[in-house]
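Take the sequence shown: its letter number 180 is residue 385 in my numbering, and every next letter is one higher. C-beta atoms are modelled at their ideal positions from N, C-alpha and C, and glycine is treated no differently. One structure below.
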Amino acid sequence: MKIKSLSYITIESTDISQWEAYAKNVVGLMKNEDLSDENNLFLRMDESPFRFQVFKGSENKYSKGGFEVANKEDFEDAKKQLFDLGIAFHDEGEDLAKVRCVKELISFNDPAGNSLELFYGRDLDTNEFRSSQDISGFVTHGLGLGHLVFGTLEAEAAHNFYTQVMEFGDSDIMRMRFTPDPNDPESVIYFMHCDNPRHHTVGIMLAPTPPSGLIHAMVEVETAEQVVDAMDRATSNNIHISSTLGRHMNDKMFSFYMQTPAGFMLEFGYDGIQPDWDVHETTNSEAPSYWGHEFNMPEA
Numbered sequence: 206m207k208i209k210s211l212s213y214i215t216i217e218s219t220d221i222s223q224w225e226a227y228a229k230n231v232v233g234l235m236k237n238e239d240l241s242d243e244n245n246l247f248l249r250m251d252e253s254p255f256r257f258q259v260f261k262g263s264e265n266k267y268s269k270g271g272f273e274v275a276n277k278e279d280f281e282d283a284k285k286q287l288f289d290l291g292i293a294f295h296d297e298g299e300d301l302a303k304v305r306c307v308k309e310l311i312s313f314n315d316p317a318g319n320s321l322e323l324f325y326g327r328d329l330d331t332n333e334f335r336s337s338q339d340i341s342g343f344v345t346h347g348l349g350l351g352h353l354v355f356g357t358l359e360a361e362a363a364h365n366f367y368t369q370v371m372e373f374g375d376s377d378i379m380r381m382r383f384t385p386d387p388n389d390p391e392s393v394i395y396f397m398h399c400d401n402p403r404h405h406t407v408g409i410m411l412a413p414t415p416p417s418g419l420i421h422a423m424v425e426v427e428t429a430e431q432v433v434d435a436m437d438r439a440t441s442n443n444i445h446i447s448s449t450l451g452r453h454m455n456d457k458m459f460s461f462y463m464q465t466p467a468g469f470m471l472e473f474g475y476d477g478i479q480p481d482w483d484v485h486e487t488t489n490s491e492a493p494s495y496w497g498h499e500f501n502m503p504e505a
């Protein structure tokens, strides 16, 4: 498969108004008024009609990630590859394609049970993107929305799926313990890239799948000041700060983490590296950050 990028994610919510306030007052996203209704909230980051779709449901959790291929030919090649490998997928119809603002799409699951969509032909929104918090711009062009990190006890199988079926490449493999106790089991996180320069688009962590269905999503902005400003907005809006500011070791991202209304974290970052995949060699990290990123998870 020739995956260009992570284009969008969909999120289930029992109270869409919480997401609308969070997106407007903290993250700095723009509501797509033309697409949104009482049961669906579409949020923009750039010229795409949406990057986040929040829909009303009975739970608060990640729902699906939408991955883009370049054209009809690559789309049909991907379907044939899934069929030849015996991987079940569903051809979604015109109605869902219209909702997602794409030409055609299919849906399928990875071995960990994460729901994915694959499509081509995304619409563009002719209305100018204007951040609700005067953010100069999110770093998306050619790179997609950002990244997703999943937790699963089937990490090796999921890693094999993304690298062998979806043809992602390994950017970094991190092995570490989360406590100083040498008897605690070592965890592993596979960081993988698709066909764009973003350091990683999907991460797979050896850990139980959280109730929210996702460990974290990441969005990137253009300046360090905008990261600090977002952290201030989160604090003033009583959003739990899950991690202090820090600088990651593998992708060099300067960022902090905060909770979302769905229960997963949102990493808000700046200055992630964009490797040249023709010369990049997979790195092996033993620590997540050079400094900072002290985590303080909310009580369940």
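Problem set entry | Local Cβ density within 10 Å of serine 263, reported as buried at 16 or more and exposed below that | Serine 263 comes out exposed.
Problem set entry | Under 7 Å between C-beta atoms of cysteine 306 and aspartate 328 | Pairing cysteine 306 with aspartate 328 gives a Cβ-Cβ distance under 7 Å.
For this session: Compute the Euclidean distance between the alpha carbons of histidine 346 and phenylalanine 247, then round it to the nearest angstrom.
Result: Their Cα atoms are separated by approximately 19 Å.
Exercise. Of the residues Leu348, Ser210 and Gly270, which one's Cα is nearest the Cα of serine 312?
Worked result: Of Leu348, Ser210 and Gly270, the smallest CA-CA separation from serine 312 is found for Gly270.
For this session: Specify the secondary structure class of phenylalanine 383 as computed by DSSP and reduced to three states.
Result: Here phenylalanine 383 sits in coil by DSSP.
Exercise. Looking at the unbroken beta strand (DSSP E) that takes in isoleucine 311, where does it start and where does it end?
Worked result: Here the beta strand (DSSP E) through isoleucine 311 covers 309-314.
For this session: Per DSSP, which residues does alanine 422 bridge with? Please list them.
Result: Partner(s): Leu353 and Leu471.
Problem set entry | Runs of alpha helix (DSSP H) wholly within the segment 235-291 (minimum 4 residues, chain order) | The qualifying runs are 277-289.
Exercise. Shortest alpha-carbon distance to aspartate 456 belongs to which of Gly342, Asn443, Gly408 and Leu471?
Worked result: Considering only alpha carbons, the answer is Gly408.
Exercise. Rounded to a whole number of angstroms, what is the C-alpha to C-alpha distance between valine 354 and glutamate 425?
Worked result: Cα to Cα, the separation comes out at about 15 Å.
Exercise. Exposed or buried, serine 253, counting other C-beta atoms within 10 Å across all chains shown (16 or more means buried)?
Worked result: Classification for serine 253: buried.
Problem set entry | tyrosine 462 vs methionine 454 beta-carbon contact at 7 Å | No, these two residues do not count as a Cβ contact at 7 Å.
For this session: Could you check the C-alpha separation between serine 222 and arginine 256 for me, to the nearest Å?
Result: Rounded to the nearest whole angstrom, the C-alpha separation of serine 222 and arginine 256 is 17 Å.
For this session: Helix, strand or coil for serine 490, going by three-state DSSP, please let me know.
Result: Annotated three-state conformation of serine 490 is strand, per DSSP.
Exercise. How big is the Cα-Cα spacing for glutamine 338 and proline 387?
Worked result: Going from the Cα of glutamine 338 to the Cα of proline 387 covers about 45 Å.
For this session: Could you work out which residue in Met423, Tyr395 and Ser417 is closest to asparagine 489 when comparing CA atoms only?
Result: Ranking the options by Cα distance to asparagine 489, first place goes to Tyr395.
Exercise. How many Å lie between alanine 467 and methionine 250 at the Cα?
Worked result: Their backbone Cα atoms lie some 19 Å apart in a straight line.
Exercise. In its own chain, which residues sit with a C-beta less than 7 Å from the C-beta of asparagine 276, not counting the 5 before and 5 after it?
Worked result: Same-chain partners within the cutoff: Tyr325.
For this session: Please report how far the alpha carbon of serine 268 lies from the alpha carbon of methionine 206, in whole angstroms.
Result: Roughly 22 Å between the two C-alpha positions.
Exercise. Can the beta-carbon of phenylalanine 459 be found closer than 7 Å to that of aspartate 476?
Worked result: Yes, they are a contact pair.
Problem set entry | Unbroken beta strand (DSSP E) run spanning serine 222, endpoints | First-last for serine 222: 221-227, but that is the alpha helix (DSSP H), not the beta strand (DSSP E).
Exercise. Can you give the beta carbon distance from glycine 374 to tryptophan 482, rounded, assuming they're within the 8 Å contact cut?
Worked result: At roughly 6 Å, the Cβ-Cβ gap stays under 8 Å, so glycine 374 and tryptophan 482 are in contact.
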